[in-house]
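Each residue of the sequence shown is one higher than the one before, starting from 1443 at the first, in the working numbering. Written below as structure tokens is the structure these notes are about.
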Amino acid sequence: MSQQYGQMLGVPRPFVKWAGGKRQLLTVLHENLPASFGAYYEPFLGGGALLFHMLEERPGQKCGISDLNSDLVLAYTTIRDRIDDLIRSLKSHEKRYHASPKSYYYHVRDGRPRSGIEKTSRLLFLNRTCFNGLYRVNSRGQFNVPLGRYTNPNIVSEENLRAVSGVLRAGQVSIKCRDFEAVLSDAKRGDLVYFDPPYQPVSDTASFTSYTSRNFTTGDLARLAELCCRLDSKGCKVLLSNSDSPEVAGMFSGRRWKTRRIRANRSINSNSKKRTGHHELLIRNY
């Protein structure tokens, strides 16, 4: 992305508010990136804060991004390929929402759109108007968050959506919907793989992992730890974010792993007093 392009569209930033989003930690993440690497892979994409930072700092960077949440992956491809249609749909949501916020919100939440444009428009609309911007689905894959308390939510965010569309079209970015283990077949020696999975709970009351209808279990964490070891054996550079929990620390206690404990806030906690004072782990093999 050229400097002129960045000035014209603005710097892209995450277009969804996602639990565990990394915008607040970009400085420390940047400090912990390797000095050099080949392709960049991010198998738990979420809001993509580090991806957009990467594309801003390293124009032309080859990236392979993926997530198991098919609605989220569809949103990325729709923003890349059909931005004008998406913005028109969001403006329609905005107009109808302001006419009757509560009834329209639940009408959209209960809807099941079929087209890619409408599915993405619905996801973004709900993300901007639901309680605390929390993305959560139940065991049947249904979005179940109540209406938020907003007076004038920014539903369209056209400038940023166009900036995201531009950077995804201009860059060498591959977008896929798949399980995180699939990255093993793509990543090569010298490539960087960043994992930001649903975090392991640090208490019995902090067990939110429902970004998809299938929870991220302790077994999945074990699969992830094994995958990291296999990537390390291939000569890949591995960076991992996760909660400061005994399970995570135990699975990455070997000599190949360097662990750093960092401070992080939880912007989506329903109790504002519990959003600060948290720590998480940053783990790498380089």
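Positions of the beta carbon are idealized from the N, C-alpha and C atoms, including for glycine. Since we're looking at a predicted model, the values are computed, not measured.
Cα atoms of Arg1702 and Gly1696: separation of roughly 14 Å, rounded to the nearest angstrom. Here the alpha carbons of Tyr1641 and His1720 stand approximately 13 Å from one another. Note that the C-beta distance between Ser1508 and Lys1630 is not below 8 Å. In the DSSP assignment, Ala1706 falls within the beta strand (DSSP E) that extends over 1700 to 1706.
Straight across, the Cα-Cα distance linking Glu1484 with Arg1564 is about 25 Å. Within the same chain, Asp1509, Phe1622, Phe1637, Asp1638, Pro1639 come within 7 Å of Phe1486 by CB-CB distance, once the 5 residues on both sides are set aside. Setting aside the 5 residues that flank it on each side, Leu1610 is surrounded in the same chain by Arg1522, each with a C-beta closer than 6 Å to its C-beta; the list follows chain order. In the three-state scheme derived from DSSP, where H, G and I count as helix and E and B as strand, Ile1521 is classed as helix. The beta-carbon distance between Pro1595 and Phe1573, rounded to whole angstroms, is 12 Å. This is too long to meet the 8 Å contact definition.
Judged by beta-carbon spacing, Tyr1728 lies within the 8 Å limit of Lys1679, meaning their Cβ atoms are closer than that value. Look at Arg1564 here: in three-state DSSP terms it is helix. Beta-bridge annotation (DSSP): Gln1503 is not paired with any residue.
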